[in-house]
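Take a look at the structure below.
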Amino acid sequence: MANPNVAKLADRAMDAVMAIIERPLNLLESFIGRKRMPYLFLMPNLVLFGIFTFLPIGIAVGYAFTGGTDLLISDRPFVGFENFSKLLECGSYLEPGSCRESLFWIAIWNTLWFVAFNVVATLLVALITALILNRAIAARGFFRAMFFYPVLLSPVVIGLIWKWFLDRNGLLNAFFQMIGVPPEIFLLDVGWSRFFVVVVSVWFHMGFYTLILLAGLQAIPKDLYEAAAIDAASPRRVLLRITLPLLGPNLLVVLILLMIRSVQIFDEAWVLTNGGGPGTANTFVVQYIYQMAFGGDLRLFGLASAASVLMGVVLLALTLVQLRLGKKMES
Amino acid sequence: MAGNLNAIGFLTRTRRPGRVGLTDILSWVWLIGGTFAVLVPVVWAAMSSLKPEAEITRFPPSLLPRTAVQIEVQGYERPLSLWNVTTDGETREMAMVRRVGIKAQMVDPANPGPPVSVDTKDISPVQQLTIATENFTDPLTKFNFFTFLKNSVFVTTVATILTLIVNAMAAFALSKYKFRGDKAIFVLIISTLMIPLTVVMVPAYLVVVGVGLVDSLWGVIIPTVATPTGVFLLRQYMLTIPDELIEAARVDAASEFRIFWRIILPLTAPALAVLAIFSVLWRWNDFLWPLIVLSSRENFTLQVGLNAFQGEFSVQWHYILAMTFLSLAPVTLVFLFLQRYITTGIAGTGMK
Amino acid sequence: MGSLKLAKLNKAFGAVHVLHDIDLDIEDGEFVVFVGPSGCGKSTLLRVIAGLEDVTTGSIAINERDVSALSPAERKIAMVFQSYALYPHMSVRKNLAFGLENLRFKRAEIESRINEAARMLAIEPYLDRKPRQLSGGQRQRVAIGRAIVREPDIFLFDEPLSNLDAALRVQTRAEITRLHKSIKTTMIYVTHDQVEAMTMADKIVVLRDGRIEQVGTPLDLFDNPRNLFVAGFLGSPRMNMLKGKVAAIGEDAVMIDAGYGVSLPCFVDPATVTVGQDVIAGVRPSHFVVAEDHGLPFEVQYFESLGTETFVYGHLQDQKDTIILHQAGHFAPQPGSIIKIMPVRERVNVFDPVTELALPRLDKLGRG
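Next up, the structure:
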């Protein structure tokens, strides 16, 4: 990485910036004193956080209690808990059709099913892959990189690639036809589309979780395995009584992380299913929020904010659980 | 051989050294299968993107991008497509004049006489390998993809530079200074990790409208610059820089900014490199946030433009796949050369 | 029971040849110590015996049974690791039970063995604790306990004391020796510390660069080292090496001219040397006496007095090599002064400077 020409160029660039910025900043420093400089350094960061993270959190709750379609909160009528009651009022929670905001509850149930299947599938695939990669085979680095590659892609790219793969005239159907099975239009079938949304999500993210689990596996001291060998432990017993229990805390944290991410499924699913289709089979909660606020001319910012708040509460709970588990792992 | 460090591995081998255990076989099947599962959709999309429009929707699809060979035949105005015709067990190349139902009119290109009628089931097209570069050039010139590309490059570059500077300054303050509230501020910053974009996207949009950055690239860039992961990563690294360096510089009458710019930043280069790679990946691949912020076509980034394009006309896969591939390319290059840094960077920060 | 025979054992890791033609016989019940400098292959040899590493060529037989191709569990051995390797997520009781459960022992048998081992090692109060709640010494004993409950034919110890502090080390050393006397099983113990080797072993195996230098009882190796390496390795402080020439050969003694007009008598077989031959005379620090009149001139540099004994450091006049004297009690010679020293005759070990081998003696030094 130490290319002398690049280093020289970087050096000159640094000098140039220095020349411009140094004077005013040193002036500032002489005003506020060295001890206050850290505040100066922190300021841009805090200002940006303040405006674009904390302020939104603040007004999110505020907007949830307003109605109408105007942007400015001052123009919006106060409606109390109406948005929340709209969202939460249901004949039976198990029957989205009986709810006032049936789309919201369809989205919730879709999301719940997705979280369940995605978490289990991703965890299994990542765990098996991590266990295999832990066996110190040659080319381990190659396979690790291979499985990690999809993580680097954009959700749009992934949605489009898989859409093409699953196309009526695509490769999967070509393969089906080769083995004598009639071709399917996967993305227009409720069952198949849901199946592939999970498949694509696993394909997308499993490399990331595999890396984390692999790091956890490699933290297990090798001489424990040697002691187990002397203790006549069969491979199955080593896996069940030594490897997995010692990986346990790590697994748990990954599980929660997976859940948190799965609840927020949107990008690749939206692109893959052309906006949540077929019908509303793959409409998830984030898409609901997006649609209420930005879809068409709805501009139901209040309703969308209320739904965001509800989702935020769930995610906050999960995150707190994760933090607690993380602390337990440290000890 | 003493290459297996895992008990499972060497327990299965001690009986007869050299014998391959069942676990070994299954492991290799899994790994190779997984590699195929990763590569096949991507490579397939890449190869399809090289196919001309006419060929791309043929079913069953051909593996390599091909197009029909055309040939000039005397007596015919336009070039005719070349076909392999099988009659009476013999196969020869003939040009097709027209096709009606299950019969095709063919002529011998060398000796164009009256057309011969042949069953369509006896003919197959002669094809040559071809690369439909127009799939790439058309969207860039005729549709707005060049604009999309420019926008993405702009957003990614500017956002990365700003991210590095802003977060490095904050990390410097939080790692090398003791001041009132330093712990509280750090916890505050890290706590924002708990609030994902999906929860604040609506009010964040409203804020962006409020500050007048809606539907502009700056509206995409600015909110993403301050990242808690960035602060955490850089701070962890800066903590390992010895304080004596800073004290010595102060004794040498260096201003705080000079210390930051000329001592801390260069020494933090490895961590900055990791953050830069992350930032480039995040900003290039960003979808949801630009989708929300941008509404005018000429401001779309590559990802948003790609999504809009595929929704619009009847699906023009040859263009979509080509542009998808274009958007893939920089990331893949970064990956090929720098994947070591990425994977160690992730292992380093854990998932905090 | 627990006999071990290694025949022409070779071990290579790829292209690196680590153990060369090891031949070794260990009898049932012996406490054998593998000792040598870092990188000599002692740990590798232990691991090969355990079955944690393959044999490249050669064979290993335990109780006359060829175990070269068997897994560690099948060899009926147990090992105490340097880092103890206790399962951190299991209680002490479960740690002890794990191996027996794998071998499908009955619950009652497992319980009784655990209780017996716990009693023997005084770890009963910790049976339900986890390893991280125990001190280093306690973990050490649990690790030994895990080996004991298996009732193996051979115990293997891989530098078990190196993670303990000095006082604990001495205490644990005694405990291990006591354990050996009580259960009388063959024990193979690897260490780099020659004090441990000297004090604990029935038989010492000195290794260097993957080869056995000498095998014998501690005192045997101390008194009759086979070569310069063994002579210098065992015994602290090191044996002093003096350069000399064979001066005169008598019927039952040989005189070595060590310079300064001083000749050292020694018991080398006269038939094996010629006058004028270069030799190295090795004399341990405690085998020099301060002579009144005739002796080697020793210039004192400094001394260390420990109350019960004194170590004097210096060199022979006009020479550079450091010579160390050991005297009982308190001895305070003047730094810079010259004192005359002579070795005890039976204690001069003579070596050939080229082959580094000890020259054969007329009679091996015996101890009554």
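Chains as they are written, first to last, in my numbering: chain A, 5 to 335; chain B, 71 to 422; chain C, 1345 to 1712. Think of the CB as a built atom: it goes at the ideal place given N, C-alpha and C, for glycine as much as any other residue. All values derive from a computational prediction rather than experimental measurement.
Mind checking residue i: buried by the 16 CB within 10 Å criterion, or exposed?
i	result
Arg168 (chain B)	exposed
His1524 (chain C)	buried
Asn237 (chain B)	buried
Gly283 (chain A)	exposed
Phe146 (chain A)	exposed
Lys1386 (chain C)	buried
Ile36 (chain A)	exposed
Arg1448 (chain C)	exposed
Asp1497 (chain C)	buried
Leu1551 (chain C)	buried
Ser1526 (chain C)	exposed
Gly79 (chain B)	With a pLDDT of 46 at Gly79 (chain B), under the threshold of 50, the predicted position of this residue should be treated as unreliable, though the coordinate-derived value follows. Its Cβ being crowded by 16 or more others within 10 Å, Gly79 (chain B) is buried.
Glu317 (chain B)	exposed
Gly1588 (chain C)	buried
Met210 (chain A)	buried
Among the options, whose alpha-carbon lies nearest the alpha-carbon of residue i?
i	options	result
Leu46 (chain A)	B:Phe405, B:Lys248, B:Phe215	B:Lys248
Gly281 (chain A)	A:Glu93, A:Asn114, A:Ala14, A:Asp79	A:Asn114
Met77 (chain A)	A:Gly316, A:Leu327, A:Lys331, A:Leu304	It should be pointed out that residue 77 (chain A) corresponds to Ile in this sequence rather than to Met. Among A:Gly316, A:Leu327, A:Lys331, A:Leu304, the Cα nearest to that of Ile77 (chain A) belongs to A:Leu304.
Ala1597 (chain C)	C:Leu1703, C:Ile1556, C:Ile1404, C:Leu1444	C:Leu1703
Val83 (chain A)	A:Thr73, A:Asp74, A:Glu93, A:Phe69	A:Phe69
Arg172 (chain A)	A:Ser197, A:Ser96, A:Glu33	A:Ser197
Pro149 (chain B)	B:Arg320, B:Ser349, B:Val139	B:Val139
Leu327 (chain A)	B:Gly375, B:Val257, B:Lys173, B:Asp208	B:Val257
Ile61 (chain A)	B:Leu267, B:Thr137, B:Val404, B:Pro185	B:Leu267
Gln1671 (chain C)	C:Gln1663, C:Asp1665, C:Pro1677, C:Glu1653	C:Glu1653
His1536 (chain C)	C:Gly1346, C:Phe1577, C:Arg1522	C:Phe1577
Check the Cβ-Cβ distances between residue i and every residue of chain B, and say whether any is below 9 angstroms.
i	result
Gly316 (chain A)	yes
Phe58 (chain A)	yes
Ala64 (chain A)	yes
Glu26 (chain A)	yes
Asn30 (chain A)	yes
Ser78 (chain A)	no
Lys39 (chain A)	yes
Thr287 (chain A)	no
Arg172 (chain A)	yes
Please list, in chain order, all residues of the same chain as residue i whose beta carbon is under 6 angstroms from its beta carbon, the five residues on each side excluded.
i	result
Ser205 (chain A)	Asn122
Check whether the Cβ of residue i lies closer than 9 angstroms to any Cβ atom in chain A.
i	result
Leu358 (chain B)	yes
Met308 (chain B)	no
Thr402 (chain B)	yes
Phe1425 (chain C)	yes
Asn1446 (chain C)	yes
Pro1432 (chain C)	yes
Arg1705 (chain C)	no
Glu1418 (chain C)	yes
Pro131 (chain B)	yes
Beta-carbon within less than 8 angstroms of residue i's beta-carbon, same chain only, minus the 5 sequence neighbours each way: which residues are those?
i	result
Leu91 (chain A)	Arg104, Glu105, Phe108, Leu307, Ala310, Ala311, Leu314
Val267 (chain A)	Thr115, Val119, Val289, Met315, Val318, Leu319, Leu322
Asp1365 (chain C)	Lys1352, Leu1353, Asn1354, Gly1402, Arg1555
Val1362 (chain C)	Lys1355, Ala1356, Gly1385, Thr1388, Gly1554
Val1574 (chain C)	Val1550, Glu1557, Gln1558, Leu1565
Tyr275 (chain B)	Val284, Ile362, Val363
Within the same chain, show all residues whose beta-carbon is closer than 7 angstroms to that of residue i, passing over the 5 residues directly before and after it, in chain order.
i	result
Asn286 (chain A)	Asn114, Ser197, Arg198, Val201, Ala273, Thr277, Gly280
Ser102 (chain A)	Cys94, Gly95, Ser96
Leu1465 (chain C)	Arg1485, Ile1488, Gly1489
Hey, is residue i's beta-carbon within less than 9 angstroms of any beta-carbon in chain C?
i	result
Ile141 (chain A)	no
Arg2 (chain A)	Beyond the ends of chain A as shown, which are 5 and 335, falls residue 2 (chain A); an answer cannot be given.
* To do: For the stretch 1471-1553 of chain C, list the alpha helix (DSSP H) runs that are entirely contained and at least 4 residues long, ordered along the chain.
  => Listed in chain order, the complete alpha helix (DSSP H) runs (minimum 4 residues) inside the stretch 1471-1553 of chain C are 1480-1493, 1510-1527, 1538-1544.
* To do: Would you mind listing the beta strand (DSSP E) stretches within the stretch 64-103 of chain A that are 3+ residues and don't spill past its ends, in chain order?
  => The beta strand (DSSP E) runs lying completely inside the stretch 64-103 of chain A and spanning 3 residues or more number zero.
* To do: For the stretch 154-211 of chain B, list the beta strand (DSSP E) runs that are entirely contained and at least 3 residues long, ordered along the chain.
  => Runs found: 160-170, 173-177, 186-189, 193-195, 197-199.
* **Segments assigned alpha helix (DSSP H), at least 4 residues, entirely inside the stretch 1576-1635 of chain C** => List check, alpha helix (DSSP H) in window: nothing returned.
* Going along the chain, which unbroken runs of the beta strand (DSSP E) with 3 or more residues stay wholly within the stretch 1634-1658 of chain C? -> Whole beta strand (DSSP E) segments, 3+ residues: 1640-1649.
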